[in-house]
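All residue numbers for the sequence shown refer to the numbering used here, where the first residue is 90 and numbers rise by one.
Just so you know, even glycine gets a beta-carbon here, dropped at the ideal spot from N, CA and C.
Please read these numbers as outputs of a predicted model, since none were measured by experiment.
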Amino acid sequence: MNHVLEPPDEPGRTLPTTATGAPAHHDPDAPLVDVAAYSAFYRAEVKALVNFLLWMGAGLADATDIAQETMIEAYQGWPSIRHPRAWTRRVASRRYGRQQFGQEVVTEPELLSPLLSASADIAAWEQRHDVLRLLAMLPWRQRQVMAWTFDGYQPQEIAVELQITAEAVRASLKLARRTLAERLGRAGGAT
């Protein structure tokens with residue numbers, strides 16, 4: 090399931106599919122997928138979803154696989170998803186959590202993915218990897234809350250998505266920021 094979904098660019102066309110991606114027999118009572126809306130969402134959000142997973146501590150190969158699997162599931166359930174941006178992050182976060190705390194899947198680190206373009210800005214790349222390294226040192230809940238925060242969500246919204254209190258979100262943010270500041274301070278003092 091590592092192929093990129095590229096639905097036809099035909100405005101208003103709907104294509105019901107099975108889990109394997111094959112055309113389904115049309116059920117007149119089944120909701121149809123708005124291919125144009127899904128396609129626009131996919132193109133706008135897949136890279137952001139990969140970044141979200143990287144902030145949570147996933148490796149690049151795992152992040153792209155999880156993002157792709159999540160987007161496939163989103164396509165299959167598209168008519169019933171009310172808030173697709175939050176839905177994809179919630180599903181991807183849970184997938185990554187199950188992978189982290191369940192059976193570990195070993196992948197080759199830092200493989201290039203067709204979902205991401207290569208960057209020629211070495212300084213930005215190094216800075217990004219320094220941040221990812223620091224985030225990886227945080228406990229799971231703090232990484233999770235920081236990833237949602239980096240993705241533009243407010244504590245109240247994060248609390249709803251993670252099914253915890255807004256106070257717990259704020260406490261995790263405070264602890265994560267304090268830990269990151271201490272580690273940055275130590276790293277800055279060592280040079």
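Listed in chain order, the alpha helix (DSSP H) runs fully inside the segment 166-191 are 173-190, counting runs of at least 4 residues. Closest option to Val258, judged by alpha-carbon separation, among Gly241, Phe239, Gln231: Gln231.
For Ala265, the closest alpha carbon among the candidates Glu246, Gln243, Ala225 is that of Ala225.
Where Ala147 is concerned, there is no enclosing alpha helix (DSSP H), because DSSP gives it neither an H nor an E.
In this chain, the alpha helix (DSSP H) harbouring Thr238 covers 229-239.
About 6 Å separates the CB atoms of Ala181 and Ala156; that is less than 8 Å, so the two are in contact.
In the three-state DSSP reduction, Ile247 falls in the helix class (H, G or I). DSSP, reduced to helix, strand and coil, places Val135 within a helical segment of the structure shown.
Counting other Cβ atoms within 10 Å of its Cβ, Leu227 reaches 16 or more and is therefore classed as buried. Rounded to the nearest whole angstrom, the CA to CA distance from Gly166 to Ala270 is 41 Å. Of all alpha-carbon atoms in Leu223, Asp151, Phe141, the one lying nearest the alpha-carbon of Leu273 is that of Leu223.
Taking the Cα of Lys263 as reference, the smallest distance to any Cα among Thr238, Leu251, Gln252, Glu250 is reached at Thr238. Three or more Cβ pairs closer than 8 Å define a contact, and the segment 136-143 meets that threshold against the segment 173-187.
Leu221 and Gln233 do not touch by the CB rule: their CB atoms are close to 15 Å apart, not below 8 Å. Counting only the Cα atoms, Tyr164 lies some 22 Å from Gln188.
If you ignore the 5 residues before and after Arg174, its C-beta comes within less than 7 Å of the C-beta of Glu134, all in its own chain and listed in chain order.
Minimum Cα-Cα distance from Met235 among the listed residues Gln216, Val122, Thr268 corresponds to Thr268. By alpha-carbon distance to Leu149, the top candidate from Arg217, Tyr131, Thr177 is Arg217.
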